[in-house]
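Each residue of the sequence shown is one higher than the one before, starting from 60 at the first, in the numbering used here.
Virtual Cβ for every residue (Gly too), placed ideally from N, Cα, C.
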Amino acid sequence: MSTESRQPITIAIGNQKGGTGKSTVTVHLAAALGLAGKRCLIIDLDPASGSTKHLGVPIDSFAGTLELLTTDDALESLVVTKDMPRGVSLIPSRPQLAEIETHLSRFMDRSRLLERAIQESTATYDFVLLDTSPSAGFATTVAAYAEAQWFLLTAFPHPLSLAGLDEAFRDIADVRRLRNPSLEVLGVLLTNVDRRARRLRSQVETSLAAIAPGRLFQTVISQAVAIPESSGRGCTVFQLPGGDHLPSAEQFLDFAWEVTHRIAHRDEFLSGTLPPRLGRDAPTDSTRLVA
Ligand SMILES: Nc1ncnc2c1ncn2[C@@H]1O[C@H](COP(=O)(O)OP(=O)(O)OP(=O)(O)O)[C@@H](O)[C@H]1O
Ligand SMILES: [Mg+2]
């Protein structure tokens, strides 16, 4: 079934704490979905430009998110596709995005900043991934929370990261009440998980089960040197030599499978009756991937 006329599935990736794997997960989820034949647009909404840097795009070389949100420039004229993973396009960010407020009319509703971009992405993309800044009050973060259909939280198994999640869940409740009643939590992904820190991980899992029952992803992303290495080379782990066989690559593919499984079975997932995971090799009914 064609997804041409449907709104893309829009996922905001967030956590109010800095350095909790948001950008790493964004680029790898996009790359894994791209390998599964999906077309993904990443919009880097963070002036720190995490996704942009991870994908090897020199910041300051391209117009990008700032122009997308403050001018009438067409989305496709701002998209970077060169040297991107298969199926992935990027709207890059740069530090000047931090000054977005000076470019916006005081009468502009911040929560509608991304509306045009999502409309323009409809014909081309299956997924739009919004990599957010850790600053919850920042204009682009407000816009991402207000425009997304799904919210994906990333966390390191660390008490500080968990405190960020608590705050994020309170914000999501406010966003649902005040701006975007259809925003749903897609899940919490634990990443940078050190095998030796088992006790800490299980504490985090217990706390999460209480804050967000049923929302923790079964897949966890291990701590792996391949991840900062790929970032240093400006690519994802899939593009490293022999990358397809790295444990991190397998984990991101498993994670992408869980993401599409939850979205494809939205009603069961949201009501807590999602059938048990069958495994990535089981056929996914992609025709059920509805916006
Ligand atoms: N699974 C992992 N194994 C090893 N290092 C990781 C892993 N995940 C992320 N990192 C590293 O942790 C650091 C922070 O990750 P990342 O930039 O994705 O976080 P972030 O939440 O986007 O940060 P910010 O809030 O500053 O935007 C990076 O150096 C990244 O390479
Ligand atoms: Mg980041």
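| Query | Result |
| --- | --- |
| What does DSSP give as the partner residue(s) for V147 in the beta ladder? | C99 |
| Please specify which runs of the beta strand (DSSP E), each continuous and at least 3 residues long, are wholly inside the segment 176-208, giving them in chain order. | 186-190 |
| Would H162 and F311 qualify as a contact pair, given that the criterion is a beta-carbon distance under 8 Å? | no |
| Distance, Cα to Cα, T250 vs G80? | 7 Å |
| Can you give the Cα-Cα distance for A350 and G301, rounded to whole angstroms? | Because the pLDDT of A350 is 33, which lies under 50, any placement of that residue in the model is unreliable, and the question is left without a value. |
| Check whether the segment 92-101 touches the segment 141-151, counting contact only when three or more Cβ pairs, one atom from each stretch, lie closer than 8 Å. | yes |
| DSSP three-state label for F210, please. | strand |
| By alpha-carbon positions, which one of D119, T199 and E243 ends up nearest to I102? | T199 |
| Which whole runs of the alpha helix (DSSP H) in the segment 108-177 are 4 residues long or more, in chain order? | 109-113, 124-129, 134-137 and 159-162 |
| Which term fits S164, buried or exposed, when burial requires 16 or more other beta carbons within 10 angstroms of its beta carbon? | exposed |
| In chain order, which alpha helix (DSSP H) runs of at least 4 residues are fully inside the segment 250-281? | 257-270 |
| Between the C-alpha atoms of Q282 and R255, what's the straight-line distance to the nearest angstrom? | 10 Å |
| Under a three-way DSSP split, which group does A323 fall into? | helix |
| Between the segment 107-122 and the segment 320-335, do at least 3 Cβ pairs fall closer than 8 Å? | no |
| With a threshold of 7 Å on Cβ separation, who are the neighbours of E226 within its own chain once the five nearest residues in sequence on each side are excluded? | Q75 |
| Give the DSSP bridge partners of I72, in chain order. | D190 and L211 |
| In whole angstroms, what separates the C-alpha of L172 from that of T129? | 8 Å |
| Using 8 Å as the Cβ pair cut-off and three pairs as the minimum, do the segment 115-135 and the segment 212-229 touch? | no |
| Buried or exposed, going by whether 16 or more other CB atoms sit within 10 Å of the CB of Q298? | buried |
| When every heavy atom of ligand 2 is checked, does at least one fall within less than 7 Å of the C-beta of A107? | yes |
| Just to confirm, are E243 and Q208 a CB contact at a threshold of 8 Å? | yes |
| For a test of the three-state rule: what should DSSP assign to V3, helix, strand or coil? | With the chain covering 60 to 350 only, the question about residue 3 has no answer from this structure. |
| Under a three-way DSSP split, which group does E309 fall into? | helix |
| What whole-angstrom Cβ distance do L104 and T191 have, given they're in contact under 8 Å? | 5 Å |
| Anyone know if the C-beta pair for P151 and G77 falls short of 8 Å? | no |
| Nearest to F215 by alpha carbon, out of H324, Y204, V263 and N239? | V263 |
| Does the beta-carbon of S194, which I'm using as the reference point, lie nearer than 7 Å to any heavy atom of ligand 2? | no |
| When we look at the beta-carbon of G331 and count the other beta-carbons within 10 Å, is it buried (16 or more) or exposed? | exposed |
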